[in-house]
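Asker:
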Amino acid sequence: MSTLLTLRNPATEAVIHEMPHATVDDVDAAIAKATAASPAWRKMAPVDRSRLLRRFADTVAAHADELAEIETRNMGMPIGNSRWCANMVADVLHYFSGAVEKHTGSSIPVAGGVDITFHEPLGVVGLITPWNFPMLMASWKVGPALAAGNTAVLKPAEITPLSSMRLAELALEAGIPDGVFNVVVGPGSTVGWRLVEHPDVRKVAFTGSTEVGKRLMKGCADQVKRLTLELGGKSANIVFADADIEKAAAAAPGAVFDNSGQDCCSRSRVLVQRSVFDRFMELFIDASKAWTVGDPMSPDTAMGPLVTAGHLAAVRQFSDGLETVYTGEVPTGPGYWHPVMIATPAYDAPVCHEEIFGPVVVVIPFDDEADAIRICNDSIYGLSGSVWTRDGSKALRVVRAMDSGTLSVNSNSSVRYSTPFGGFKQSGLGREHSMQVLDHYTELKNVFIATD
Ligand code: NAP
Ligand code: MG
């Protein structure tokens, strides 16, 4: 039996790459390199660290088309989306290059002296990312980790490592010193877990499933290791009767079918006020017909395949036999295809409550504001969500009442690198993006200096 990691193009099932799995020894070697690189990186003049990160951003931007092709071949994301992601990676790195000199401490009035605070880098941080937005998730962690003065070992999902590997090469090309940003490609249970276990790794930043996140939390307890978690979701898209129904219905498919539904922020529960339910459904189904599934290398494709045969089987556990009000079409022949599906199942069906991570959406009617909030919050998750209404006060009341971390009003777009991102409840711990994330990549040190 081969011990090679074999990567397949999910649209063709053709083998695109083979490489050895990293071992625990390889992780230890990467941690040793990151440890050796740490003192110089943390002591580097902030302006120089900032400049190197900006050069990294520019290098990524110059290779955006190449990175996009790698991503599409490896995980099946439509090429237009992959290009958007590659440019976003550059923007994220650019943002954090500018943050290096702006994450400042403070002085606090005290008696008998002065009191000052410092944000100290942690040292070596372990970054573990999922397969759904491989290079984007990598940048969300590498950007702030390096900007804060840490060195990093990134473990991407083993099935989609190629764009992360290329990012590490581009970092070197841009002049980031060797050892500052390391990538190890191996299974989560051994290689990923080593980052949890290894005493020289001071923090783990994880994006992935709630199930694995819980395991990591237990693993980090032994060393009281710093941990941030971006986990699963079952986000609600709430449409009130007084909303612009046309606009809400036109936007709803993208909020759940984008990236084949393999999106933690997917608005996979659409909650619609009963008086406009039929009208909304008609428009929603109509708009969903544009979500044609096909070759992700074609610029006209709205939706590509699912990432692997295994993930396709997992999504089918929910969708096989599901009574739908609309099911789209899929190509024939090889590829891990799944159609878009809209269903209105009984509320106690598992599809209404569990994260599917595929292009399957449930639509649930509600009676009034209190009912909408109750249904929205009836979930172990609380990552994202939307509210559609023309009543500004109601919009504010409802978003304040939603147990979710990253919301939007009259839009389904809520994730930006300059604004905090993260989940309530079992959707996570800590926040990514914005200046706030730097607090999760540093320790706050307080010093009193006697002057009297
Ligand atoms: P996953 O199975 O939890 O895996 C995520 C990462 O953790 C992979 O790199 C995986 O490695 C690694 N891993 C698995 N077991 C591990 C262990 N015992 N110790 C250390 N690392 C381990 O998640 P996924 O299937 O890749 O991604 C889908 C999930 O991610 C969904 O639940 C989705 O909602 C969530 N997600 C959340 C966000 C967010 O920002 N909140 C964003 C995107 C995705 P291998 O796969 O290589 O074994
Ligand atoms: Mg998984």
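Take 185 as the starting number for the sequence shown in this note's numbering and just add one per residue.
Glycine residues also receive a C-beta, built at the ideal position from the N, C-alpha and C atoms.
(1) Mind checking Gly296: buried by the 16 CB within 10 Å criterion, or exposed?
(2) Is there contact between the region 467-485 and the region 431-439, where contact requires at least three CB pairs shorter than 8 angstroms?
(3) Just to confirm the assignment, what range does the alpha helix (DSSP H) spanning Ala220 have?
(4) Contact check, Arg410 vs Lys431 under 8 angstroms by CB: the rounded distance?
(5) Give me whichever residues DSSP pairs with Met487 in a beta bridge.
(6) In the DSSP assignment, find the unbroken alpha helix (DSSP H) run with Trp377 in it and report its ends.
(7) On a CA-only basis, which of Ile200, Ala213, His495 and Ala221 is nearest Asp346? Give me that one, please.
(8) Give, in chain order, every unbroken run of the beta strand (DSSP E) that is at least 3 residues long and sits entirely within the region 264-323.
(9) Assuming the contact rule is C-beta atoms closer than 8 angstroms, His303 and Gly289 should be a hit. Round their C-beta distance to whole Å, please.
(10) Can you tell me which residues form a DSSP beta bridge with Gln568?
(11) Do you know offhand how far Val582's Cα is from Phe424's?
(12) From what residue to what residue does the beta strand (DSSP E) around Arg453 run?
(13) Taking just the CA atoms, how far does Gln457 sit from Glu553?
(14) Would you kindly work out how many angstroms separate the C-alpha atoms of Lys629 and Leu415, rounded to a whole number?
(15) Measuring straight from C-alpha to C-alpha, what distance separates Ser266 and Ala274?
(16) In its own chain, which residues sit with a C-beta less than 8 angstroms from the C-beta of His247, not counting the 5 before and 5 after it?
(17) Please state whether the Cβ-Cβ distance between Ala206 and Val368 is less than 8 angstroms.
(18) Does the ligand NAP have even one heavy atom less than 7 angstroms from the beta-carbon of Pro489?
(19) On a Cα-Cα basis, can you pick out the residue from Ser459, Cys449 and Glu197 that is closest to Tyr520?
(20) Considering only their Cβ atoms, is the gap separating Ser348 from Leu338 smaller than 8 angstroms?
(21) Straight-line CA distance for Ile559 to Thr511?
(22) Please confirm if the region 376-387 is in contact with the region 301-319, defined as three or more CB-CB distances below 8 angstroms between the two stretches.
(23) Closest by CA to Cys449, which one among Arg584, Gly589 and Ser419?
Answerer: Put simply:
(1) exposed
(2) yes
(3) Val208 to Lys227
(4) Lys431 and Arg410 do not touch by the CB rule: their CB atoms are close to 42 angstroms apart, not below 8 angstroms.
(5) When beta bridges are read from the DSSP output, Met487 appears opposite Val477.
(6) First-last of the alpha helix (DSSP H) with Trp377: Trp377 to Glu381.
(7) The residue you asked about is not Asp; residue 346 is Leu in the sequence shown. Its Cα nearest to that of Leu346, the residue Ile200 stands out among Ile200, Ala213, His495 and Ala221.
(8) DSSP runs (the beta strand (DSSP E)) wholly in the region 264-323: 291-294, 297-305 and 308-312.
(9) 6 angstroms
(10) Just to set this straight, residue 568 is Ser in the shown sequence, not Gln. In DSSP, Ser568 forms a bridge with Thr590.
(11) 11 angstroms
(12) Arg453 to Gln457
(13) One C-alpha to the other measures close to 9 angstroms.
(14) Those two C-alpha atoms are separated by around 29 angstroms.
(15) C-alpha separation (whole angstroms): 13 angstroms.
(16) Ala270, Arg350 and Leu354
(17) Between Ala206 and Val368, the C-beta spacing is below 8 angstroms.
(18) no
(19) Glu197
(20) Contact annotation: Leu338 and Ser348 have beta-carbon atoms nearer than 8 angstroms.
(21) 25 angstroms
(22) yes
(23) Ser419
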